[in-house]
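Take the sequence shown: its position 93, counting from 1, is numbered 93 in this note's numbering, and each next residue is one higher.
Idealized CB from N, CA, C, for every residue including glycine.
A quick note: this is a predicted structure, and the numbers were derived from the prediction, not measured.
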Amino acid sequence: MTLREELKKPTKTKAQEEAELKRIQEQLEEEAECKKQFKASPIPPSTFQSRLKLIEEKQETRRLNVKEHSKALTKAIQKPFSFDERAKLRRSRSLSALDTKVEKRKDSNIKFYARPMPHHIFDPVVDEKAKEEEAYRQIKIKMRAEQLLAESDLPASMKRHAIHYTDGKIRKVSEKRTKRERT
């Protein structure tokens, strides 16, 4: 480098000057911000009010008012059923008729006498006949069950292996009979 260049003051470009000015301004702003004292603002009084409760109370009162209003509207629109009036008339007539019957009974002083029991009900023949009919019924039921079992077929899958299956006492008895007949 030459002497002339060394003696010459270094010149800054316009962009460098702007950048330096900007940096100085930022430093000044930061210092001014640091000098300010921070003071918290007071808590607003609305924070201490329970707004939820107020809203719930308003909703509850509104709901009750709407309910009352709808009941009143329905009652205004509602007409009584025709059969309801007839039923009331019938009830009143029947009650008055019952009252007159009760009064008549009180006046008449008639004693109640029950009819004697028929003697044939206590007869042992009737009891024996009922037992005999029940026994006959049981025998018919048993015979029908045996008949149906004897006539029944095995399911298709069991028919294939019919030798291995037996259906109760009847098949065993029938097998014994066939064995006896063979011998």
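Does DSSP put residue i in a helix, a strand or coil?
| i | result |
| --- | --- |
| residue 15 | helix |
| residue 45 | helix |
| residue 37 | coil |
| residue 177 | helix |
| residue 101 | helix |
| residue 111 | coil |
| residue 83 | helix |
What are the start and end residues of the alpha helix (DSSP H) that includes residue i?
| i | result |
| --- | --- |
| residue 69 | 51-77 |
| residue 143 | 124-151 |
| residue 159 | 156-159 |
| residue 4 | 3-7 |
Between residue i and chain B, is the shortest Cβ-Cβ distance under 8 Å, so that the two count as touching?
| i | result |
| --- | --- |
| residue 138 | Absent here is chain B; the protein component of the structure consists of one chain. |
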